[in-house]
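Number of protein chains: 2
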Amino acid sequence: MMNDLSQTRPPSAEAIARALTQAVHEHRVLPGMKLSEDEVGEIFGVGRTVVRQALRALAHQGLLTIERNRGAFVSRPSVKEAREVFEARALLEPRTARAAAERTTAYDIALLERHIDLEHAALDADQTGVALNLSGQFHIEIARIADQATIADFIRQLVSRSSLVIALYWRRRNALCESHAHHALVKALRTRDGATAEDLMKGHLLDLLSQLDLRAQPDAKLSLRDALGR
Amino acid sequence: MMNDLSQTRPPSAEAIARALTQAVHEHRVLPGMKLSEDEVGEIFGVGRTVVRQALRALAHQGLLTIERNRGAFVSRPSVKEAREVFEARALLEPRTARAAAERTTAYDIALLERHIDLEHAALDADQTGVALNLSGQFHIEIARIADQATIADFIRQLVSRSSLVIALYWRRRNALCESHAHHALVKALRTRDGATAEDLMKGHLLDLLSQLDLRAQPDAKLSLRDALGR
DNA sequence: GCGGCTAAAATTGTACACAATCCCGCCCGT
DNA sequence: ACGGGCGGGATTGTGTACAATTTTAGCCGC
Numbered sequence: 001m002m003n004d005l006s007q008t009r010p011p012s013a014e015a016i017a018r019a020l021t022q023a024v025h026e027h028r029v030l031p032g033m034k035l036s037e038d039e040v041g042e043i044f045g046v047g048r049t050v051v052r053q054a055l056r057a058l059a060h061q062g063l064l065t066i067e068r069n070r071g072a073f074v075s076r077p078s079v080k081e082a083r084e085v086f087e088a089r090a091l092l093e094p095r096t097a098r099a100a101a102e103r104t105t106a107y108d109i110a111l112l113e114r115h116i117d118l119e120h121a122a123l124d125a126d127q128t129g130v131a132l133n134l135s136g137q138f139h140i141e142i143a144r145i146a147d148q149a150t151i152a153d154f155i156r157q158l159v160s161r162s163s164l165v166i167a168l169y170w171r172r173r174n175a176l177c178e179s180h181a182h183h184a185l186v187k188a189l190r191t192r193d194g195a196t197a198e199d200l201m202k203g204h205l206l207d208l209l210s211q212l213d214l215r216a217q218p219d220a221k222l223s224l225r226d227a228l229g230r
Numbered sequence: 001m002m003n004d005l006s007q008t009r010p011p012s013a014e015a016i017a018r019a020l021t022q023a024v025h026e027h028r029v030l031p032g033m034k035l036s037e038d039e040v041g042e043i044f045g046v047g048r049t050v051v052r053q054a055l056r057a058l059a060h061q062g063l064l065t066i067e068r069n070r071g072a073f074v075s076r077p078s079v080k081e082a083r084e085v086f087e088a089r090a091l092l093e094p095r096t097a098r099a100a101a102e103r104t105t106a107y108d109i110a111l112l113e114r115h116i117d118l119e120h121a122a123l124d125a126d127q128t129g130v131a132l133n134l135s136g137q138f139h140i141e142i143a144r145i146a147d148q149a150t151i152a153d154f155i156r157q158l159v160s161r162s163s164l165v166i167a168l169y170w171r172r173r174n175a176l177c178e179s180h181a182h183h184a185l186v187k188a189l190r191t192r193d194g195a196t197a198e199d200l201m202k203g204h205l206l207d208l209l210s211q212l213d214l215r216a217q218p219d220a221k222l223s224l225r226d227a228l229g230r
């Protein structure tokens with residue numbers, strides 16, 4: 001699975017950050033893995049300077065944790081951090097969904113429905129990682145529809161960390177639960193029903209939280225590099 | 001006003017970021033100002049590498065805006081962004097204040113009251129910038145008391161941007177309004193009155209927002225360097 | 001005088017070399 | 001055999017040189 005970017009021009013730090021982010025969101029790179037500067041640089045064909053920019057950007061976003069003189073590791077949120085992520089989402093997303101409902105256009109609806117279709121397609125193809133990533137982007141899309149760039153940015157970070165939380169604490173693997181919740185949300189948005197959208201989002205987040213197992217302690221020692229398939 | 005760090009060891013990127021952040025929060029460095037890498041590096045006695053880390057960190061936080069091949073500038077939030085900042089704060093802070101009320105310890109109360117004293121002292125000394133910074137930190141302190149690290153981080157960013165918004169859109173200069181609101185909040189926290197704390201915080205944020213003039217277009221071309229007093 | 005073009009100066013972007021730090025295996029002593 | 005200390009290897013941290021880009025000043029022509 002060669003990245004087509006490497007053929008043309010040296011990818012920018014943002015491009016590398018995006019690629020790594022997607023890999024983490026799709027659970028191809030798991031919490032605890034180390035991202036060596038040399039390794040990443042060689043993979044993407046850039047010097048360490050650019051890699052460091054990307055890694056530090058992801059660290060500021062909470063996706064990576066940089067330990068001085070040790071390197072960058074995919075974050076492993078503690079149980080407390082996991083709860084905090086969903087508590088923050090509970091504060092931000094329901095109201096945002098309500099605001100989105102009052103601003104949704106027909107084009108937005110089409111986009112969201114197409115998004116859900118992609119989720120289904122990924123699930124049918126047994127690409128749960130891809131489906132999970134799309135599922136997260138659905139929430140970001142709603143924040144975008146609400147026309148709240150600042151909040152959307154926060155939600156993006158929270159969804160990102162949620163991906164880590166799910167990787168660590170998810171209970172069972174059959175993740176086909178979300179589809180209906182998302183579909184119901186789209187319906188509420190289509191009918192401009194802000195109150196329902198807010199309630200649905202709140203319930204949806206509680207649902208997600210309830211499917212986590214926040215007792216166990218995470219542990220893992222993981223290899224690397226081939227998880228990206230390179 | 002020499003920074004005592006420069007005498008001992010080269011300050012870290014975090015230290016530089018903190019110093020710059022404080023300077024911006026205290027309105028000694030104003031929105032639109034350019035932060036040249038060489039200049040900052042010379043001031044703090046470090047190479048550009050470390051400066052870049054600090055600048056990029058602040059950019060990720062929203063305090064600076066980095067334009068490629070042009071440099072780092074203190075962000076100048078648009079009117080829309082200004083509204084978004086306070087809308088995000090309205091979502092996060094009231095609930096957080098309620099949570100804080102239910103967890104406040106006697107030590108926290110003492111800390112907050114001492115904090116308010118410092119605000120008063122700064123105001124009496126006509127150091128409105130310092131007072132403003134302390135006023136912002138008060139909000140961060142409440143998030144810390146609520147024991148919500150994730151949300152506290154978001155609030156920290158929002159308070160930071162609020163400082164920029166105030167620099168651009170503040171209506172009148174006599175900023176002695178906050179003291180009472182903060183004092184009332186502490187009282188609610190002391191009595192473990194979460195509902196009142198939530199209401200007070202909500203009102204306080206609306207109050208702040210109402211004192212902004214969000215019609216005018218900001219513009220300024222500002223000198224630099226001596227604003228830091230170096 | 002004014003607009004556009006050109007070149008030089010200044011500033012940021014990137015890579016690389018070297019220093020600092022950490023990790024791990026080895027060795028030695030008990 | 002086991003624990004502590006030591007040293008080699010590997011990885012990250014930082015400064016610096018050079019490349020790319022932008023900006024600005026100067027100049028010419030109109």
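Chain order of the listed sequences is A and B. Position one of the first sequence corresponds to residue 1 (the working numbering), numbered consecutively onward. Position one of the second sequence corresponds to residue 1 (the working numbering), numbered consecutively onward. Every residue gets a Cβ at the ideal spot worked out from N, C-alpha and C, and that includes glycine.
Asked	Found
Cutoff 8 Å: A/E81 Cβ touching any chain B Cβ	yes
Neighbour list for B/H60 in chain A, Cβ cutoff strictly below 7 Å	A57, H60
Separation of A/I142 from B/L123, as counted between CA atoms	43 Å
Cβ neighbours of A/V79 in the same chain (closer than 6 Å, five flanking residues each side left out)	L214
Supposed close pair A/A99, A/Q148 - CB separation, criterion 8 Å	7 Å
With 16 other Cβ atoms within 10 Å as the buried cut-off, status of B/P10	exposed
Local conformation of A/E84 per DSSP, three classes	helix
Members of the stretch 146-162 of chain A near chain B, C-beta cut-off 7 Å	Q148, A149, T150, I151, F154
A/A110 CB to nearest heavy atom of the ligand ATP below 7 Å	Judged by which ligands are present, the structure shown has none, so any question about the ligand ATP falls away.
Beta carbon of B/A17 nearer than 8 Å to that of B/A57	yes
Supposed contact pair A/T96 and A/I155 - C-beta distance, whole angstroms, cut 8 Å	7 Å
Coil, strand or helix - B/E67 by DSSP	strand
Proximal residues of chain A, C-beta to C-beta of B/R95 below 8 Å	L91
Buried/exposed call for A/R52, threshold 16 Cβ in 10 Å	buried
Rounded C-alpha distance that separates A/Y107 from B/L91	27 Å
Run of the alpha helix (DSSP H) containing B/S135, from where it starts to where it stops	128-145
Where A/Q53 meets chain B, residues with beta-carbon distance less than 9 Å	R52, R56
Exposed unless 16 or more other CB atoms sit within 10 angstroms - verdict on A/N69	exposed
Below-8 Å beta-carbon distance, A/E87 vs any chain B residue	yes
Assigned secondary structure, B/A72 (DSSP; H/G/I helix, E/B strand, else coil)	strand
Neighbour-count burial assignment, A/L206, 16 or more Cβ in a 10 Å radius	exposed
Partner residues on chain B for A/E84, Cβ-Cβ distance less than 8 Å	Q148, A149, T150, I151
Opening and closing residue of the alpha helix (DSSP H) in which B/L212 lies	Per DSSP, B/L212 belongs to no alpha helix (DSSP H) and is neither H nor E.
Paired residues, beta bridge with B/K34 - DSSP	B/F73
Cα-Cα separation, B/A15 to B/L35	16 Å
Between the CA atoms of A/S163 and B/A121 - distance to the nearest angstrom	46 Å
Contact under 8 Å by Cβ, B/Q127 with B/W170	no
As assigned by DSSP and simplified to three states, the class of A/R9	coil
A/L64 and A/V74 closer than 8 Å at C-beta	yes
Between the CA atoms of A/G47 and B/L110 - distance to the nearest angstrom	Reading the sequence as shown, one finds Ala at residue 110 of chain B and not Leu. When rounded, the distance between both Cα atoms is 51 Å.
Candidates A/P31, A/H115, A/G45: closest to A/R161 by CA position	A/P31
Start and end residues, alpha helix (DSSP H) containing B/E102	Unbroken run through B/E102: none, as it is neither H nor E.
Whole-angstrom C-beta distance between A/M201 and A/L185, which should lie under 8 Å	7 Å
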